[in-house]
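Data first, discussion second: the structure below is written as structure tokens.
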Amino acid sequence: MADADTARLCEQIIRTNFGPLTATVASVLLTRGRLPLSQVVRFSRLKPRTVRAVVLVLVNIDECLMRLRYGRYVWQAAQLYGNASAEIIQLILDHGKLRPPELYRGSQSPAIYSQALHKLVDGSYLKPSTVLFHISPRDKRIKRRRWRKLV
């Protein structure tokens with residue numbers, strides 16, 4: 003268990019990075035200590051399925067550690083390719099996958115952002131995503147089976 007100020011700070015950090023449901027469960031765990039899942043459900047007033055999903059998010063420490071490095075990624079992009087690249091990296095880290103027009107929206111000089119984006123992709127700092135990356139392996143197997151039946 004953490005003291006009140008530390009618990010509140012941790013809750014705010016978790017709320018910012020993972021959302022309000024995760025912050026609610028984290029707050030219960032920070033203030034009350036280790037609890038069985040049933041008691042976490044009772045104290046958080048959330049559905050058991052939601053609490054289980056939130057606990058999985060909290061246990062996934064690799065994602066948390068990667069988030070700690072976000073500032074370093076932005077700094078390195080700024081050092082290597084300039085401020086436009088740093089802004090692109092920051093947007094992608096904040097919002098996930100974005101299309102190039104979404105990156106340029108609201109900027110005074112889209113050409114600079116376009117060049118920075120191409121430098122980041124050419125330097126393998128960003129990886130382009132296509133429709134094929136969004137098809138699950140299971141869907142691919144189903145599609146192959148259907149195709150084999152037709153042939």
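Residue numbering for the sequence shown is 3 to 153, as defined by this note's numbering. Using N, Cα and C, we set each Cβ at its ideal position, and we do this for glycine too.
Tell me which same chain residues have a C-beta within less than 8 angstroms of the C-beta of residue i, skipping the five on either side of it?
i: serine 116; result: Pro102, Tyr106
i: glycine 125; result: Leu82, Tyr83
i: proline 112; result: Tyr106
i: arginine 17; result: Thr24, Ala25
Return the chain-ordered list of same chain residues with a C-beta closer than 6 angstroms to the C-beta of residue i, the five sequence neighbours on each side being excluded.
i: serine 29; result: Glu13
i: alanine 80; result: Ala88
i: valine 56; result: Leu23, Thr24, Val27
i: leucine 48; result: none
i: leucine 122; result: Ser87, Leu128
i: proline 50; result: Val43
Could you tell me which of the options sits nearest to residue i, measuring between CA atoms?
i: valine 19; options: Arg47, Leu60, Asp5, Phe45; result: Checking the sequence shown, residue 19 turns out to be asparagine, not valine. Of the candidates Arg47, Leu60, Asp5, Phe45, the one whose C-alpha sits nearest the C-alpha of asparagine 19 is Leu60.
i: tyrosine 83; options: Pro130, Thr26, Val133, His120; result: His120
i: threonine 132; options: Lys99, Lys151, Thr33; result: Lys99
i: alanine 6; options: Leu32, Ile16, Arg51, Ile114; result: Leu32
i: arginine 69; options: Lys129, Lys145, Ser46, Ile15; result: Ile15
i: isoleucine 94; options: Gln110, Ile114, Gly73; result: Gly73
i: arginine 34; options: Leu58, Gly21, His97, Ala9; result: Ala9
Counting only beta-carbon atoms, is residue i nearer than 7 angstroms to chain B?
i: valine 56; result: Looking for chain B here will not work: only one protein chain is present.
Keeping to the same chain, check which residues put their C-beta closer than 7 angstroms to that of residue i; ignore five residues upstream and five downstream.
i: arginine 150; result: none
i: valine 53; result: Val27, Leu39, Val42, Val43, Ser46
i: valine 76; result: Ala88, Ile91, Gln92
i: proline 130; result: Val123
i: alanine 118; result: Tyr83, Gly84, Ala86, Ser87, Ile90
Kindly confirm or deny that the region 29-48 and the region 82-102 touch, where touching means at least three C-beta pairs closer than 8 angstroms.
No, they do not touch.
Ignoring anything shorter than 4 residues or poking outside the region 29-60, list the alpha helix (DSSP H) runs there in chain order.
Given a length threshold of 4 residues, each whole run of the alpha helix (DSSP H) inside the region 29-60 is given here in chain order: 39-46.
Give the list of continuous alpha helix (DSSP H) stretches no shorter than 4 residues that lie fully inside the region 76-125.
With a minimum length of 4 residues, the continuous alpha helix (DSSP H) runs that stay inside the region 76-125 are 85-97, 102-106, 112-124.
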